[in-house]
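So in the numbering used here, spot 360 of the sequence shown is number 362, and the numbers just go up one at a time. The block underneath contains the structure these notes are about, expressed in structure tokens.
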Amino acid sequence: MIIRSTVPTGPLTARPAWKKLEAHYQKLRHLHLRQLFSDDSRRGERFALEAAGIYLDYSKNRITDETIRLLVQLAEECGLHQRIEAMFSGEKINVTEKRAVLHTALRAAAGESLVVDGVNIAPEVYAVLNRMADFARQVRSGQWRGYTGKRIRHVINIGIGGSDLGPVMAYEALRHYSQRDMSFRFVSNVDGTDFSEAVRDLDPEETLFIVCSKTFTTLETLTNARAARAWSLRRLADEQAVRRHFVAVSTNAGEVSKFGIDTVNMFGFWDWVGGRYSIDSAVGLSTMIAIGPENFHAMLAGFRVMDEHFRNTPFEQNLPVLMGLLMVWYNNFFEAQTAAVLPYEQYLKRFPAYLQQLAMESNGKHVTLDGVHIGYQTGPIYWGEPGTNGQHSFFQLIHQGTKLVPCDFIGFCQTLNPVGSQHDLLMANLFAQTEALAFGKTEDEVKADGTPEWLVPHRLFEGNHPSNTILAECLTPETLGRLIALYEHSVFTQGTIWNVDSFDQWGVELGKALAQRMIPELESADEPALTHDSSTNALIRRYRRLKSGRT
Ligand code: F6P
């Protein structure tokens, strides 16, 4: 059933709250954070929330109480309550693919029941988790041996998009908790360099490949998986070895066995798990092998805490809802094109890349759920790098450029790797950046430093650059789960306001189809008749000439 009741009627920009926000924006757009803070000495505490183990300080945003009131009203007018319930209860809110969206079921408490198409899916979810745990324990303990009897020392996850970014991000984030006598690598790109560099120092007898693909039809993943099989068999020289060195993670048993992996060695999941929302499913197998089943379950528990918070908390105190609404505020009223995510935590170095797929594949849409062309801005560009590195590259633009870039700063009060007082230095930088962005440095302050007149404009910081600060105690598996779910639900909130299907990704199809058509044109020995545009034809001809060394 396609849910119509949850789809708001009438265009977003005609809603009462939207109109009021437009008027409110006109009053507020020149108001400086300096003013807002000096008017209210408790602003830093009033615009802050602690829930689900996460502290969100959103006081350094260009908002007032009225802004929040209107944004919450907008969420209500857009049917966010109903959409949340529709998602959690398994309605088919992915309308273009006619699918339920139930990544939250992957981390539901044991014993919960959730019926999709007449089937209680909870026992299936736990059955797969138990099989994963069993396999992970065997590999970690050395009970699972390679074909020649050697212990598995290296695990390579082959996948792309959600079948790569989640696993690599979670592994990097939780590396501290990983089994250190094993190595974990991730191959995604169809560029042969990715595979070659991943295996160049490895022994096939000690290497296990996880071929991870929801569809099991993805060109990059199958190409790399074939290369992996050839690499393994060059040493192991027996097809029987494949079953000891290859496992699959997929929803597509048919394609898995066609590829030559015994479905006994397949870990399944379901079409109601979107690729970019799949880290809690069997897609997390490499993570589970790395950190162990107990830690993996702790991560799931973290997701669950945030799910419950999102589902049950009034919007004014709801972390993902507020973060989502603030993004709408900047995206649609301040016309911010991008959002920076800046983890002050080296272990989260792949978190911005992960969020790029989560946010941009979800909300980079140009039509509404009903297929009507949208006349307002939808998903912003997410980007970022860990602090403090970013400070020495792109922060200049955020501080003194002409663009408004709302920032999320993410930090932890305890480090996992104490080295002298380095953690204090790291956190001082995080706090200092949020302060500098918000308050800047006035002309008088610059002059008071003795700056010569001609240099004053260059050294001036206008400030008024908004940011959120997200603080947690320590980066644990549970905290990571909470953090990922925070962003998942923030993205969902945004998509609900923009009235888009946040769970399809038709925009990736055209490029795939054109590449398929082009492959023979690049590979064929005979000069092909090219019928593309003049630019593409010329590029192909040039490539063909130079790849074989002809000039
Ligand atoms: O091309 C985009 C996409 O479909 C993503 O949505 C997905 O995460 C990725 O490709 C990989 O797909 P699969 O897991 O089916 O190989």
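Just so it is clear, CB atoms sit at the ideal spot from N, CA and C, and this is done for glycine as well. As the structure is a prediction and not an experimental result, all values here were calculated from the model.
For the candidate residues the options, whose alpha-carbon lies nearest to that of residue i?
{"i": "Lys-22", "options": "Glu-79, Glu-525, Pro-125 and Gly-326", "result": "Glu-79"}
{"i": "Leu-302", "options": "Leu-482, Phe-39 and Pro-206", "result": "Leu-482"}
{"i": "Glu-387", "options": "Val-374, Leu-399 and Ala-342", "result": "Ala-342"}
{"i": "Asn-191", "options": "Asn-226, Gln-518 and Glu-257", "result": "Asn-226"}
{"i": "Leu-350", "options": "Lys-62, Ala-175 and Gly-46", "result": "Ala-175"}
{"i": "Leu-344", "options": "Ala-338, Phe-335, Pro-354 and Ala-434", "result": "Pro-354"}
{"i": "Ala-77", "options": "Ser-537, Ser-61, Thr-495 and Glu-525", "result": "Thr-495"}
{"i": "Lys-549", "options": "Pro-530, Glu-525 and Phe-269", "result": "Glu-525"}
{"i": "Arg-36", "options": "Asn-419, Lys-29 and Arg-64", "result": "Arg-64"}
{"i": "Pro-408", "options": "Ile-521, Arg-547, Phe-335 and His-299", "result": "Phe-335"}
{"i": "Gly-256", "options": "Gly-270, Arg-246 and Ala-243", "result": "Gly-270"}
{"i": "Trp-456", "options": "Asn-466, Glu-445, Glu-464 and Gly-465", "result": "Glu-445"}
{"i": "Val-266", "options": "Thr-370, Phe-137, Ala-300 and Gly-46", "result": "Phe-137"}
{"i": "Arg-109", "options": "Ala-232, Asp-240 and Glu-310", "result": "Glu-310"}
{"i": "Glu-87", "options": "Asp-67, Val-97 and Val-103", "result": "Val-103"}
{"i": "Arg-155", "options": "Arg-352, Trp-385 and His-247", "result": "His-247"}
{"i": "Arg-153", "options": "Leu-210, Ala-430, Asp-203 and Phe-261", "result": "Leu-210"}
{"i": "Asn-470", "options": "Asp-183, Asn-314 and Leu-58", "result": "Leu-58"}
{"i": "Leu-221", "options": "Leu-516, Ala-527, Ala-338 and Glu-529", "result": "Leu-516"}
{"i": "Leu-327", "options": "Lys-29, Leu-73 and Pro-295", "result": "Leu-73"}
Would you identify the three-state DSSP class for residue i, choosing helix, strand or coil?
{"i": "Arg-202", "result": "coil"}
{"i": "Asp-119", "result": "coil"}
{"i": "Ala-338", "result": "coil"}
{"i": "Lys-22", "result": "helix"}
{"i": "Thr-8", "result": "Interpretation of Thr-8 is limited by its pLDDT of 48, a score under 50 that renders its predicted location unreliable; the figure taken from the coordinates is listed afterwards. Correct three-state label for Thr-8: coil."}
{"i": "Val-258", "result": "helix"}
{"i": "His-32", "result": "coil"}
{"i": "Val-97", "result": "coil"}
{"i": "Trp-385", "result": "strand"}
{"i": "Lys-62", "result": "coil"}
{"i": "Arg-278", "result": "helix"}
{"i": "Arg-547", "result": "helix"}
{"i": "His-460", "result": "helix"}
{"i": "His-425", "result": "helix"}
{"i": "His-401", "result": "helix"}
{"i": "Leu-328", "result": "helix"}
{"i": "Ser-526", "result": "coil"}
{"i": "Met-3", "result": "With a pLDDT of only 35 at Met-3, under the threshold of 50, the placement of this residue in the model should not be trusted; the figure read from the coordinates follows. Met-3 falls in the coil class under three-state DSSP."}
{"i": "Val-130", "result": "helix"}
{"i": "Thr-195", "result": "helix"}
{"i": "Gln-507", "result": "coil"}
{"i": "Gln-181", "result": "coil"}
{"i": "Ala-102", "result": "coil"}
{"i": "Glu-296", "result": "helix"}
{"i": "His-394", "result": "helix"}
{"i": "Phe-137", "result": "helix"}
{"i": "Pro-454", "result": "coil"}
{"i": "Lys-305", "result": "The sequence given here places Phe at residue 305; Lys does not occur at that position. In the structure shown, Phe-305 sits in a helix (DSSP, three-state: H, G or I)."}
{"i": "Ala-111", "result": "coil"}
{"i": "His-534", "result": "coil"}
{"i": "Thr-217", "result": "coil"}
State the start and end residues of the unbroken alpha helix (DSSP H) segment that holds residue i.
{"i": "Ala-175", "result": "167 to 175"}
{"i": "Ser-234", "result": "221 to 238"}
{"i": "Ile-160", "result": "Unbroken run through Ile-160 is the beta strand (DSSP E), 156 to 160; no alpha helix (DSSP H)."}
{"i": "Trp-500", "result": "479 to 500"}
{"i": "Leu-357", "result": "353 to 357"}
{"i": "Lys-443", "result": "From DSSP, Lys-443 is part of no alpha helix (DSSP H); its letter is neither H nor E."}
{"i": "Glu-68", "result": "67 to 79"}
{"i": "Ser-288", "result": "287 to 293"}
{"i": "Leu-82", "result": "82 to 90"}
Would you list the residues sitting across from residue i in a DSSP beta bridge?
{"i": "Met-268", "result": "Ala-250"}
{"i": "Glu-52", "result": "Tyr-57"}
{"i": "Asn-470", "result": "Asp-410"}
{"i": "Pro-345", "result": "Ile-412"}
{"i": "Phe-317", "result": "DSSP output for Phe-317 lists no bridge partner at all."}
{"i": "Arg-153", "result": "Arg-147"}
{"i": "His-375", "result": "Val-369"}
Between which two residues does the beta strand (DSSP E) harbouring residue i extend?
{"i": "Leu-210", "result": "209 to 214"}
{"i": "Val-189", "result": "185 to 189"}
For ligand 3, is there a heavy atom less than 7 Å away from the beta-carbon of residue i?
{"i": "Gln-393", "result": "Ligand 3 is absent from the structure shown, which contains only ligand 1."}
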